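A short worksheet on the structure shown next.
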């Protein structure tokens, strides 16, 4: 059988509501691919690879059930060239394809690859067209146009514009509910145990499916990191289950999400977070339907407004904003290194074997579950990497690989921008660093830790304390005039020279002996 058109669907383009799928056309062949090209460009967590493949296979099966023609390359298939261009060329020749269509990718490297492929095919008289994924609420270049001529991108103004555009949490076309745009100041509380943790979501038992995929990627020789238990797999890999997870979050967690979104707690992985990021990022869920569902639940239950505003800001504001930064700044963004940091990540980032309880917990959780919420990523692992002067590419690779929801457009902007301040302040107005004081305030990690969170030097002084002051001292020339951190330098100057010397010596000891922390 021959087909007129070949349509490519990438692994993070599983949008069942895309207009492509509204009508079936037997002259159109959809292609989806499990490829070594994608498993090998970074060292990924095993759960990330399994989740992607499971979601892709289910999506392909759903398309077939709806009557669409689908060619699916599994990782072990003999015909699989393990490369996007080679697989497309193979199918074009096999089925005498006259037209190639693809959805615009969300990663720069794939955009370049598909543009190159398009030129090759057009030279062969193959018609090529690209289409929007119909997922994001802004175009690729909306943010760059919005901030044209600006040296920094202030997310708040971007967020307000989208609130108005989509009329989310507005009392009229131009005014926000309760006369205030942002309730972030009310969303910074530690978890005190007084509010009951939400019940666990019961994920579908797909042990056979996940075990089969795990076996296949192992047989293929795909190298991965982390742990997996196919019988207790905690990622949604189809649209139905993703919608159920969203419902569960809105019912049990959303009423307290804002208050505790920055909290960290050893007895709970999620606290009141949703864990829908993977489903969102591969497009099983649409951001607007997520927002509308959450707002509807808030309107019905009338819980504290700060909870819903904080959640909406994450989806409508931060997520769209970070995607816009990515397309405005790539490819140069992946080379930025404002502080010229050159150190390597310590080996315990791949084992979790460190005496620092906060790092051991967050890294261990990441290895076990391929998940950590945003404050664990920003203020524990990211904070340490910045204080320890780790080279940003090292940090990028770790975050991109270890988290199931990490796709470069969202990973690199959060890591190199927000977390590591490698862009010099384009995204964040100040470096997000802290001493042990913040970690102790927002978590129970410091309790029973090997290190003493109150001391800056000495045998068991918490590394975050001395490294914090060392960071500011060595970067004084670049940061001292920043109005958001100038107070830190005034505080630093209150220590006498002898005290400063002891703190900096302790920091030097930890940097020199980073593997022993």
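In the numbering used here, the protein residues as written are 937 to 1453.
Even glycine gets a Cβ: it sits at the ideal position worked out from N, Cα and C.
None of these values were measured; they are calculated from a predicted model.
(1) Which residue or residues does DSSP assign as beta-bridge partners of residue 1310?
(2) Could you spell out where the alpha helix (DSSP H) holding residue 1226 opens and where it closes?
(3) Is any heavy atom in the ligand HEM found nearer than 7 Å to the beta carbon of residue 1202?
(4) With which residues is residue 1009 paired in a DSSP beta bridge?
(5) Less than 8 Å between the C-beta atoms of residue 1155 and residue 1323, yes or no?
(6) Please name the residue or residues paired with residue 893 in a DSSP beta bridge.
(7) In whole angstroms, what is the alpha-carbon distance linking residue 1203 and residue 1401?
(8) With distances taken between CB atoms, is the gap from residue 965 to residue 1031 smaller than 8 Å?
(9) Are residue 941 and residue 1035 closer than 8 Å when you measure CB to CB?
(10) Just verifying my parser: in three-state terms, what is the DSSP assignment at residue 1067?
(11) Does residue 981 come out as helix, strand or coil in the three-state DSSP assignment?
(12) Would you call the stretch 1326-1346 in contact with the stretch 1236-1247, where contact means no fewer than 3 C-beta pairs closer than 8 Å?
(13) Cα separation between residue 1097 and residue 1231?
(14) Can the beta-carbon of residue 978 be found less than 8 Å from the beta-carbon of residue 1394?
(15) Return the residue from the list 1075, 1076, 1026, 1077 that minimises the CA-CA distance to residue 1053.
(16) With distance defined between alpha-carbon atoms, name the residue in 938, 983, 946 nearest to residue 1303.
(17) Measure how close the beta-carbons of residue 1044 and residue 1267 come, nearest whole angstrom, since I'm counting them as under 8 Å.
(18) Per DSSP, what kind of secondary structure is residue 1106 in: helix, strand or coil?
(19) Hey, how far is the Cα of residue 1391 from the Cα of residue 1316?
(20) Classify residue 1370 as buried or exposed, calling it buried when 16 or more other Cβ atoms lie within 10 Å of its own Cβ.
(21) Ends of the alpha helix (DSSP H) at residue 1165?
(22) Let me check understanding here. Comparing Cα to Cα, which of 1283, 1325, 1380, 1273 lies closest to residue 1361?
(23) Please work out which residues of its chain come closer than 7 Å, Cβ to Cβ, to residue 1446, disregarding the five sequence neighbours upstream and downstream, and give them in chain order.
(24) Within 10 angstroms of its Cβ, does residue 1344 collect 16 or more other Cβ (buried), or is it exposed?
(25) Pick from 1074, 1142, 1276: whose alpha carbon is nearest that of residue 1251?
(26) Give me the DSSP bridge partner(s) of residue 1456.
(27) Touch check for the stretch 1211-1229 and the stretch 1176-1195: three-plus C-beta pairs under 8 Å?
(28) Does the distance from the CB of residue 1114 to the CB of residue 1142 come in under 8 Å?
(29) Taking the C-alpha atoms as reference points, what is the distance between residue 1163 and residue 1306?
(30) Of all the alpha helix (DSSP H) runs that stay within the bounds of the stretch 1179-1226, which reach a length of 4 or more residues?
(31) My understanding is that residue 1080 touches residue 1264, with C-beta atoms under 8 Å, so please give their C-beta distance in whole angstroms.
(32) Under the DSSP definition of a beta bridge, which residues are partnered with residue 1326?
(33) Considering residue 1293, what are the terminal residues of the alpha helix (DSSP H) in which it resides?
(34) Which residue wins for smallest C-alpha separation from residue 1193, given the options 1131, 1137, 961, 1254?
(35) Give me the DSSP bridge partner(s) of residue 1112.
(36) For residue 937, count the other beta carbons within 10 Å of its own beta carbon; 16 or more makes it buried, fewer makes it exposed. Which is it?
Put simply:
(1) Residue 1310 pairs with nothing; no bridge assigned.
(2) 1223-1237
(3) This structure simply doesn't include the ligand HEM, nor any ligand for that matter.
(4) 969
(5) no
(6) The structure shown has nothing for residue 893, since the chain only spans 937 to 1453.
(7) When rounded, the separation of the alpha-carbon atoms in residue 1203 and residue 1401 is 25 Å.
(8) yes
(9) yes
(10) strand
(11) Here residue 981 sits in strand by DSSP.
(12) no
(13) 18 Å
(14) Against a cut-off of 8 Å, the Cβ pair of residue 1394 and residue 978 comes out as no contact.
(15) 1026
(16) 983
(17) 6 Å
(18) strand
(19) 18 Å
(20) buried
(21) Counting along the chain, residue 1165 falls outside any alpha helix (DSSP H), and DSSP gives it neither H nor E.
(22) Ranked by Cα distance from residue 1361, the options 1283, 1325, 1380, 1273 are led by 1273.
(23) 1399, 1402, 1403, 1453
(24) Its Cβ being crowded by 16 or more others within 10 Å, residue 1344 is buried.
(25) 1074
(26) What the structure shows of the chain is the stretch from 937 to 1453, and residue 1456 is not part of that stretch, so it cannot be assessed.
(27) yes
(28) It is not a contact, given that the beta carbons lie outside the stated cut-off.
(29) 8 Å
(30) 1190-1196, 1213-1217
(31) 4 Å
(32) According to the DSSP secondary-structure assignment, residue 1326 is paired through a beta bridge with 1279.
(33) Residue range 1293-1305 is occupied by the alpha helix (DSSP H) that includes residue 1293.
(34) 1131
(35) 1106
(36) exposed
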